[in-house]
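Numbering (the UniProt record's numbering), first residue to last: 1 to 366. Glycine residues also receive a C-beta, built at the ideal position from the N, C-alpha and C atoms. Notes follow the structure.
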């Protein structure tokens with residue numbers, strides 16, 4: 001069903017492209033003496049933008065549609081032959097379909113078609129020839145559509161220098177984000193050690209000192225403090241890096257996050273193969289930070305974690321039924337966004353007031 005819908009969409013796009021090619025040819029011929037006129041340039045850009053939408057392309061990536069110059073008019077002139085070629089392919093497809101209907105109708109009525117009555121060799125010949133021609137025609141439709149997409153990207157898209165400059169800017173931004181994320185993690189670890197574990201160890205030392213001065217009943221309390229300090233130390237170590245991730249894998253590590261959470265967490269991890277370690281680590285920290293935030297700030301009663309693969313990408317989605325209102329400017333969430341961006345991934349946060357909150361991270365595995 002999906003393949004049929006995609007085929008009909010492609011057929012409609014090529015058919016519409018043949019019609020717009022005729023309109024654009026008239027436009028180019030009528031405005032040929034006035035190509036430098038700003039109104040003509042603006043009209044050419046609007047037509048090119050419509051072509052990009054017909055081809056399901058993001059117009060934001062076509063820099064020539066916002067800058068100066070006559071590249072939009074050049075594109076329209078270059079795509080007219082492709083549009084007319086698509087029209088001829090559509091005409092052949094319609095002609096072939098009509099011929100097939102006439103052949104079948106004639107033979108069903110027992111009449112000869114072009115002087116030939118149906119026989120097994122002749123029917124086999126017509127069937128094979130029709131299938132081959134249909135295949136060639138459909139290949140022509142796909143080819144015209146692909147050529148049109150390549151043409152618009154080549155003519156109106158950014159040149160190589162612009163692509164490299166944009167990539168350099170993205171890498172510089174992600175590098176700065178990584179440094180900021182590392183510094184933020186270090187500050188968090190220092191705060192956890194100072195405010196939590198260090199205070200417990202001081203209290204433990206005082207209890208042991210008092211018990212040595214004749215208060216043996218305090219040994220039980222000291223033992224309890226030691227156990228809690230050990231648990232906090234283990235928690236801090238897992239925040240630095242989950243050691244179980246290497247040996248147990250992402251699913252078991254996320255199950256550990258659910259067990260340590262103070263509210264119910266439902267985890268669904270469906271991965272056909274184990275992703276790269278960097279992707280596993282990022283996915284783990286996205287879930288861990290999201291669960292921690294929901295438990296501390298969202299007043300949630302249930303958190304749902306879903307991890308699955310989509311086209312060589314790992315998609316991590318965390319939802320909670322809390323009060324919402326989470327902002328991406330917070331240290332934890334902004335750090336997650338930088339961590340995901342460092343892997344060329346995509347991070348999305350949806351948290352309207354009143355909830356629910358949904359965090360989605362798409363991590364490429366390539």
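Bounds of any alpha helix (DSSP H) do not take in residue 357; it lies within the beta strand (DSSP E) bounded by 357 to 364. When beta bridges are read from the DSSP output, residue 347 appears opposite 361. Taking 9 Å as the cut-off, the Cβ atoms of residue 275 and residue 314 count as close. Look at residue 313 here: in three-state DSSP terms it is strand. Distance check between residue 146 and each of 334, 47, 88 and 13 places 13 closest, using alpha-carbon atoms only. Comparing alpha carbon positions, the residue from 266, 130, 167 and 318 closest to residue 359 is 318. Taking 9 Å as the cut-off, the beta carbon of residue 246 is found closer than this to the beta carbon of residue 277. Across the structure, residue 259 and residue 291 are spaced so that their CA atoms are roughly 11 Å apart. For residue 15, the uninterrupted alpha helix (DSSP H) run begins and ends at 2 to 30, by DSSP.
Burial of residue 281 is indicated by the presence of at least 16 other C-beta atoms within 10 angstroms of its C-beta. Around residue 350, the same chain offers 358 as residues with beta carbons nearer than 6 Å, after the five sequence neighbours per side are excluded.
When secondary structure is reduced to three states using DSSP, residue 301 falls in the coil class, being assigned neither helix nor strand.
Among the bridge pairs identified by DSSP, residue 56 is matched with none. Residue 132 is classed as exposed because its beta carbon has fewer than 16 other beta carbons within 10 Å across all chains shown. Residue state for residue 320 is assigned as strand, using DSSP reduced to three classes.
In the DSSP annotation of this structure, the continuous segment of the alpha helix (DSSP H) that includes residue 258 starts and ends at 250 to 260.
In this structure, residue 271 and residue 307 form a Cβ contact; the two beta carbons are roughly 7 Å apart against a cut-off of 8 Å.
Residue nearest to residue 262 within the set 288, 71 and 30 is 288 (criterion: CA-CA distance). A Cβ-Cβ contact shorter than 9 Å links residue 87 with residue 22. 9 Å or more divides the Cβ of residue 92 from the Cβ of residue 143.
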